[in-house]
Amino acid sequence: MSNRLKVTPNDLSAFWMPFTANRQFKQAPRMFVSAKDMHYTTSDGRKVLDGTAGLWCVNAGHCRPKITEAIQQQAAELDYAPAFQMGHPIVFELANRLVDIAPKGMDHVFFTNSGSESVDTALKIARGYHRARGDASRTRFISRAKGYHGMGWGGLSVSGIFRHRRDFGPLLPEVDHLPHTHDPDT
Ligand SMILES: Cc1ncc(COP(=O)(O)O)c(C=O)c1O
């Protein structure tokens, strides 16, 4: 095992873990140290089935050679290029490929770095759209009870999970919530 992966409890204080009871976790840490296909390996050598596909980000499987090689090759060739006033061919190619598989009428792509950023951006696009068509007073957002939309300000404002919003107000005004979709009686 590499030194990088040897973690002792003394090393754990700086990282503030999201959605985690930090004190409890750090008293009895559970560490993944590697992954392959649909399994993780823990620091004590156990193989664990990754039933959430890496929180839904590793849907094609962990550490697949084809994907690893593509990441390595791109990082060696052009690791980053700005999207402000400049471009690079691959981002256009990816946008075109996404449009090809998206439903008809969804023909533009705006890239973001996370779901929370996507939700905040979508809220802004919705308001910007109505303003651009001359209906700037159309500002109210409709969301659903129990809906999760990330932890950014916009996503929290439309969140239907009260516990997530509770400690951070005031959030965006003018948000209504429809009932959630899980109704066993209908
Ligand atoms: C509907 C929806 N919106 C927003 C998010 C937040 O995404 P992220 O954790 O990448 O910020 C998620 C994440 O599960 C989501 O399912």
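Its first residue numbered 1312, the sequence shown is counted upward by one per residue in my numbering. We treat Cβ as the ideally placed atom computed from N, Cα and C, and that holds for glycine.
query	result
Does the count of Cβ pairs from the stretch 1440 to 1460 and the stretch 1478 to 1492 closer than 8 Å reach three?	yes
How big is the Cα-Cα spacing for K1457 and I1472?	5 Å
Less than 8 Å between the CB atoms is what I'm expecting for V1420 and A1443, so what's the real figure, rounded?	No, V1420 and A1443 are not in contact; Cβ-Cβ is about 19 Å, not under 8 Å.
Are S1427 and G1480 close, meaning C-beta to C-beta below 9 Å?	no
Take R1341 as the anchor and find which of D1348, T1331, D1431 has the nearest alpha-carbon.	T1331
Throw me the rounded Cβ distance for the H1350 and L1366 pair, which I believe falls under 8 Å.	Incorrect: roughly 15 Å between the Cβ atoms, too far for contact.
Going by DSSP, name the residue or residues bridged to L1489.	R1455
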